[in-house]
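Protein chains in written order, with this note's numbering: chain A, 220 to 335; chain B, 29 to 145.
Structure, rendered in structure tokens:
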């Protein structure tokens, strides 16, 4: 069974500071990994994804994440936080399961607060 | 990018009534759509996987007779909450997966806020 753990339900950073949101996963097969962002009362928007190949993945809005198999981690970073980055971020893992369908499991989310 | 819409964006209903939520893929065909439920300040919980032309696959603990799912075409899936009760109040989000081979990316709708009085 697959699972995702996001450390820290709330993270606060100053505007311009480094953003680091942590995600660890558990998967019995090579996983697909995703980061999504959710603004209040809206659906999820894909920030970036890892499937195969390069372990450092660049996404939208200046975010990037690195897949570290040895650490089973997929932490999300951004060098300089903007006020518009304030939102909730979800890490997700996907793998095949019975029936041939891919199932995505989401972490519990990390709410990012950006302080002016 | 691929766009998924949901209708309505919010709905308020009386206890005991049924509510239908539509999920449409606007610019691609989706053989598979997913329905999630999100409680306040919590993550998304998969309710069911909807497959075009066949019965939905429900997750453990989800009442299939209460949450009716129909995926009648490659661009439309509906979720009907039957005999709604206040505890069904939640944010319902659908997602769709492109019919073409992909990296299993799901495209999410904007969600529907259901409030049952």
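Heads up, the beta-carbon is just placed ideally off N, CA and C, and yes, glycines get one too.
Beta bridge counterpart(s) of residue i as assigned by DSSP
i                      : result
residue 118 of chain B : B:142
residue 311 of chain A : A:253, A:325
residue 32 of chain B  : B:53
residue 136 of chain B : B:123
residue 200 of chain A : Chain A is shown only over 220 to 335; residue 200 of chain A falls outside these bounds and no answer can be derived.
residue 334 of chain A : A:233
residue 266 of chain A : Paired residue(s): none; residue 266 of chain A is not in a bridge.
Buried versus exposed, by CB contacts within 10 Å (16 or more), residue i
i                      : result
residue 144 of chain B : buried
residue 57 of chain B  : exposed
residue 307 of chain A : buried
residue 97 of chain B  : buried
residue 89 of chain B  : exposed
residue 61 of chain B  : buried
residue 279 of chain A : exposed
residue 77 of chain B  : buried
residue 93 of chain B  : exposed
residue 75 of chain B  : buried
residue 250 of chain A : buried
residue 116 of chain B : buried
residue 287 of chain A : exposed
residue 155 of chain B : Because chain B in this structure spans residues 29 to 145, residue 155 of chain B falls outside the shown range and cannot be described.
residue 332 of chain A : exposed
residue 297 of chain A : buried
residue 121 of chain B : buried
residue 274 of chain A : exposed
residue 258 of chain A : exposed
residue 34 of chain B  : buried
Host beta strand (DSSP E) of residue i (start-end)
i                      : result
residue 243 of chain A : 238–245
residue 297 of chain A : 292–297
residue 351 of chain A : Because chain A spans 220 through 335 in this model, residue 351 of chain A falls outside it and cannot be assessed.
residue 42 of chain B  : First-last for residue 42 of chain B: undefined, no H or E at that position.
residue 248 of chain A : Note, residue 248 of chain A: premise wrong, no beta strand (DSSP E); not H, not E.
residue 258 of chain A : Looking at the DSSP string, residue 258 of chain A is not in any beta strand (DSSP E), and its letter there is neither H nor E.
Local conformation of residue i per DSSP, three classes
i                      : result
residue 289 of chain A : coil
residue 303 of chain A : helix
heavy atom of the ligand SAM below 7 angstroms from residue i C-beta
i                      : result
residue 257 of chain A : With respect to the ligand SAM, the structure offers nothing, as it holds no ligand at all.
Practice problem: Let me know the alpha helix (DSSP H) ranges lying completely inside the region 54–134 of chain B, each 4 residues or longer, listed in chain order. | Solution: Runs of the alpha helix (DSSP H) spanning 4 or more residues and lying entirely within the region 54–134 of chain B do not occur at all.
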